[in-house]
Structure formats: C-alpha cells, structure tokens
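Undergrad: Got a structure for you, questions after.
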Amino acid sequence: MTTGDSRPGPRPDPPVRWAAGTTFVPTPDGWLVHGPDEDFMVLEVPARDREAVADLIAGRIGADAALARVPDAADLIAELAVPRQEAVEVLLVGDGPLLAPLSRCLDRAGLIVRHGAAPDAATRVMVACAEHLPDAAWRELDSRCRELGVAWHRGHAEGRRWYAGPFTPPSGEPGYEDVRLRRLAACPWPDELAAYWAFLDAGGRPATPPDPAGAEVAAALIAADVRAWADGAEPPSGAGNQVGIDLVAGEIRRHPVLPVPRGLMREVPV
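For the sequence shown, position 73 (counting from the first letter as 1) is numbered 72 according to numbering that gives the first Met the number 0, and the numbering increases by one without interruption.
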C-alpha cells in the first residue's frame with residue numbers, strides 16, 4: 000500500500016517587495032540606491048555576486064535564494080525590503096463614494112476585504128465608511144467594537160472635507176464616542192451641531208454631494224493605518240488623531256483626540 004508524502008513542501012520564496020520609491024541605479028561597481036526617504040546608499044558588489052543581486056533586485060529570485068548565493072545581501076534586504084505581511088481580514092461596512100477606493104486600497108495593501116453589516120466575535124479589524132456622518136450607527140458600532148475587542152477605523156465627508164479616523168485599536172484609545180463628545184464640547188453651536196447630526200440620521204442630505212477626489216486620499220490614509228496595525232507597527236496617522244482632508248484649501252490636518260473619562264461629559268440635547 001502506498002501513502003501520500005506528508006512532509007511539508009518547500010517554503011515559498013516570493014520576489015522581494017521593495018519599499019515604495021526605492022530606485023536602483025547601475026554603476027560600474029554595483030548600484031547607487033535612492034531610498035524612499037530620498038537618501039542615497041552606495042551598493043558595492045563584487046563582480047562574482049552581481050548577477051545574483053541583479054536577479055534579486057529585478058524579482059527573478061526571492062530573498063531566500065539570493066541569501067543562499069550572496070549572504071551579504073542580508074543588509075540590503077533588511078534595509079529596504081518590505082517584510083512579509085500577514086494576510087489579515089478586514090470587515091468593510093458602509094457605502095458611498097468612499098467604499099470603492101477603500102476596497103481597492105485595502106486590497107492593494109495586502110489585506111483581505113470582507114463586506115458585511117456589523118462585526119462579530121471573529122472580526123479582528125473593521126473599517127466603516129459613509130458619505131455623511133451616521134452618528135447613531137457609529138455610536139452603536141463603537142460600543143460593539145469595544146465589547147468585542149475589535150479594532151476599527153472610519154471615514155466620512157462633512158462640509159467640504161473628508162475625515163479619516165481616528166483609528167481605534169482594542170486597547171482603549173479614543174473611539175467615535177470620544178470624538179463626538181469632544182466636538183460637542185468644543186463647538187460654539189453644540190445644539191445646532193447635534194441637530195445637524197440628527198437631520199443626517201433621519202435621512203437628510205446636504206444640497207451638494209462631497210468631492211469624490213477627497214475620498215481617494217482618505218481611503219489611502221485609512222488603508223495605511225490598518226496595514227501598519229496589522230504588521231504590529233504604529234499607524235502612520237497614529238491612533239488618537241482624526242485627519243481632515245480639504246482639497247479646496249490644499250490642506251491635510253491632523254486633529255489630536257483625547258479619550259473622554261466615562262461620565263465626565265454628557266451629550267448636549269437637541
């Protein structure tokens with residue numbers, strides 16, 4: 000009787016993905032490398048190793064194969080290669096002009112997009128998007144994510160701006176409830192702001208839809224934050240910051256948001 004071979008197959012060795020903006024300029028002794036931070040690195044490579052390094056740079060061989068041929072390539076890979084990323088599933092909820100660019104940007108970041116209505120016990124991270132602020136729905140999502148220990152991000156349009164975040168990990172950083180309470184406390188017209196949110200919740204809409212170009216920027220920022228969190232790094236925009244994107248003024252501003260101690264602030268009635 001014959002049995003199948005249960006031994007594990009060879010480890011995948013995909014091409015190295017270089018950090019965005021990396022450029023390799025050939026020189027007589029190797030390469031001049033222009034890095035993503037606009038700095039330079041001189042890469043001197045012995046003639047016997049140049050073919051292997053060229054194959055590594057061009058993606059004809061992966062990191063494991065390159066290191067087997069040129070152990071000294073380890074420094075180059077450590078400095079400029081994007082680490083292999085975990086295929087994390089992201090629950091994407093909502094609709095509007097932000098939905099399609101978000102789905103695209105999350106997918107391009109190597110994240111698995113699943114569409115749904117609400118997080119469950121299996122959800123690790125969720126992104127919510129809306130054309131206009133869905134205050135009541137996001138209060139409910141904020142509470143649900145805290146209850147389940149789900150990280151979540153969000154984006155919406157308000158006035159002429161698009162807003163992203165803040166990204167809320169499951170570790171108690173500011174969430175949507177903190178944002179809304181801080182906004183009500185800081186607004187010179189809190190009653191009017193609360194009435195405006197209630198109008199949107201009831202199905203009301205502004206006279207002019209938001210500029211979809213700003214949605215592309217918001218989507219890219221949100222995807223970068225989620226990818227960084229999935230890799231165990233600090234999100235580029237940082238938890239606790241809401242990013243406002245104003246293409247008319249040509250501005251992107253980060254607004255720090257501090258947690259509100261529970262019971263300290265109460266909602267302003269309409």
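Cβ coordinates follow ideal geometry from the N, Cα and C atoms, glycine included.
Note that the structure is a prediction, hence the values are computed from the model and not measured.
(1) Just mark threonine 114 as buried or exposed, buried being the case when its beta carbon has 16 or more other beta carbons within 10 Å.
(2) Please report the distance separating the alpha-carbon of alanine 53 from that of aspartate 38.
(3) Taking the C-alpha atoms as reference points, what is the distance between tyrosine 162 and proline 45?
(4) Relative to the alpha-carbon of glutamate 50, which residue among Trp30, Gly34 and Val41 has its alpha-carbon at the smallest distance?
(5) Measure the alpha-carbon distance for isoleucine 251 versus aspartate 245 and round it to whole angstroms.
(6) Decide if proline 173 is buried, meaning its Cβ has at least 16 other Cβ atoms within 10 Å, or exposed.
(7) For proline 13 and alanine 222, what's the separation of their Cα atoms in angstroms?
(8) Tell me whether proline 96 is buried or exposed, calling it buried when 16 or more other Cβ atoms sit within 10 Å of its Cβ.
(9) Where does proline 234 land, buried or exposed, given buried means 16+ other C-beta within 10 angstroms?
(10) Counting only runs that start and end within the region 15 to 94, where is the alpha helix (DSSP H) found for 4 or more residues in a row?
(11) Starting from the Cα of proline 209, find the closest Cα among Gly154, Asp200 and Leu183 and give me that residue.
(12) Helix, strand or coil: how does DSSP classify valine 178 here?
(13) Return the first residue and the last residue of the beta strand (DSSP E) that alanine 121 is part of.
(14) Mind checking valine 81: buried by the 16 CB within 10 Å criterion, or exposed?
(15) Taking only three categories from DSSP, how would you classify glutamate 172?
(16) Tell whether a beta-carbon distance below 8 angstroms holds between aspartate 200 and alanine 150.
(17) With distance defined between alpha-carbon atoms, name the residue in Val24, Ala19, Pro25 and Glu43 nearest to aspartate 337.
(18) What does a CB cutoff of less than 6 angstroms around isoleucine 76 pick up in its chain, not counting 5 residues either side in sequence?
(19) Who are the Cβ neighbours of aspartate 106 in its own chain at under 8 angstroms, not counting the five residues just before and after it?
(20) Can you tell me whether DSSP reads aspartate 224 as helix, strand or coil?
(21) Output the distance between the C-alpha atoms of valine 41 and aspartate 230, rounded to the nearest integer angstrom.
(22) By how many angstroms is the C-alpha of arginine 159 removed from the C-alpha of alanine 206?
(23) Count Cβ pairs between the region 62 to 71 and the region 211 to 219 that sit closer than 8 angstroms; are there 3 or more?
(24) Return the chain-ordered list of same chain residues with a C-beta closer than 8 angstroms to the C-beta of cysteine 186, the five sequence neighbours on each side being excluded.
(25) Tell me whether the beta-carbon of leucine 79 lies closer than 8 angstroms to the beta-carbon of tryptophan 17.
(26) Checking the sheet assignment: what are the DSSP bridge partners for alanine 197?
(27) Nearest to histidine 152 by alpha carbon, out of Tyr175, Thr26 and Glu130?
(28) By how many angstroms is the C-alpha of arginine 138 removed from the C-alpha of leucine 180?
TA: In brief:
(1) Position check: residue 114 holds histidine in this sequence, whereas threonine was assumed. The residue in question, histidine 114, is exposed, as its Cβ has fewer than 16 Cβ neighbours within 10 Å.
(2) 21 angstroms
(3) 51 angstroms
(4) Sorting Trp30, Gly34 and Val41 by C-alpha distance to the C-alpha of glutamate 50 places Trp30 at the top.
(5) 6 angstroms
(6) buried
(7) 23 angstroms
(8) buried
(9) buried
(10) 49 to 57, 62 to 68 and 73 to 79
(11) Gly154
(12) helix
(13) From DSSP, alanine 121 is part of no beta strand (DSSP E); its letter is neither H nor E.
(14) exposed
(15) coil
(16) Result no, Cβ atoms of aspartate 200 and alanine 150 do not sit closer than 8 angstroms.
(17) In the structure displayed, the chain extends from 0 to 269; residue 337 sits before or after that span and is not available.
(18) Ala62
(19) Within the same chain, Cβ atoms closer than 8 angstroms to the Cβ of aspartate 106 are found at Val112, the five residues on either side in sequence being excluded.
(20) helix
(21) 29 angstroms
(22) C-alpha separation (whole angstroms): 12 angstroms.
(23) no
(24) Leu192
(25) yes
(26) Per DSSP, alanine 197 has no beta bridge partner at all.
(27) Tyr175
(28) 11 angstroms
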